[in-house]
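**Student:**
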Amino acid sequence: MIRLIWAASAHTRYFLRRYMPTNVLLDAIRTRRRGLKWGVPAMLLAVPYLLIANICAQLIADNGPGWLHLVVLWAIWNMLKMLWIGPISLVLLLRACLRDRRMTSFAESGGALKAETVQPTVSV
Numbered sequence: 001m002i003r004l005i006w007a008a009s010a011h012t013r014y015f016l017r018r019y020m021p022t023n024v025l026l027d028a029i030r031t032r033r034r035g036l037k038w039g040v041p042a043m044l045l046a047v048p049y050l051l052i053a054n055i056c057a058q059l060i061a062d063n064g065p066g067w068l069h070l071v072v073l074w075a076i077w078n079m080l081k082m083l084w085i086g087p088i089s090l091v092l093l094l095r096a097c098l099r100d101r102r103m104t105s106f107a108e109s110g111g112a113l114k115a116e117t118v119q120p121t122v123s124v
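Residue numbers for the sequence shown follow the working numbering, so the first one is 1 and each next one is one higher.
#1: Given a threshold of 16 other Cβ atoms within 10 Å of its Cβ, counted over all protein chains shown, does M79 qualify as buried or as exposed?
#2: Tell me whether the beta-carbon of A53 lies closer than 7 Å to the beta-carbon of M82.
#3: If you drop the 5 nearest sequence neighbours on each side, which residues of the same chain put their C-beta closer than 8 Å to that of L16?
#4: What is the DSSP secondary structure of S109, counted as helix, strand or coil?
#5: Is R34 helix, strand or coil when you go by DSSP?
#6: Could you check which residue in A107, G110, L98, V91 has the C-alpha nearest to that of R30?
#7: Count the other CB atoms within 10 Å of the CB of G110; is the residue buried (16 or more) or exposed (fewer)?
#8: Can you give me the Cβ contacts of C56 inside the same chain, cut-off strictly under 6 Å, excluding the 5 residues immediately before and after it?
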């Protein structure tokens, strides 16, 4: 039974990770160097999710159907994901820039060890 639940949750996670639009967008922003610059503009996508949650909450307050609670949770979850990608992408972009600068200065300083500084090994 545990194995069945584990397999079902793994397949559900794979499906959601692969095909849901916000997850695809977040993966594209996090995994590509040129995508990191789009993290802050992607934060603007939190506004429509907030509006959806607000409208559904108002409908619920006006005796709307109970399943709208799920829509509110979904919208708030996606809003939070979009809000967090901005600062995270800035940190990742800064780290990538620092790594590039370090690699450039390493290459300009001679790269790997120079041939005259390498001690010959003696084999017996």
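Think of the CB as a built atom: it goes at the ideal place given N, C-alpha and C, for glycine as much as any other residue.
**Tutor:** Judging by the given coordinates:
#1: With 16 or more other CB atoms across the displayed protein chains lying within 10 angstroms of its CB, M79 is buried.
#2: no
#3: N23
#4: coil
#5: coil
#6: V91
#7: Counting Cβ neighbours within 10 Å, G110 comes out exposed, since fewer than 16 surround it.
#8: L68, V71, V72
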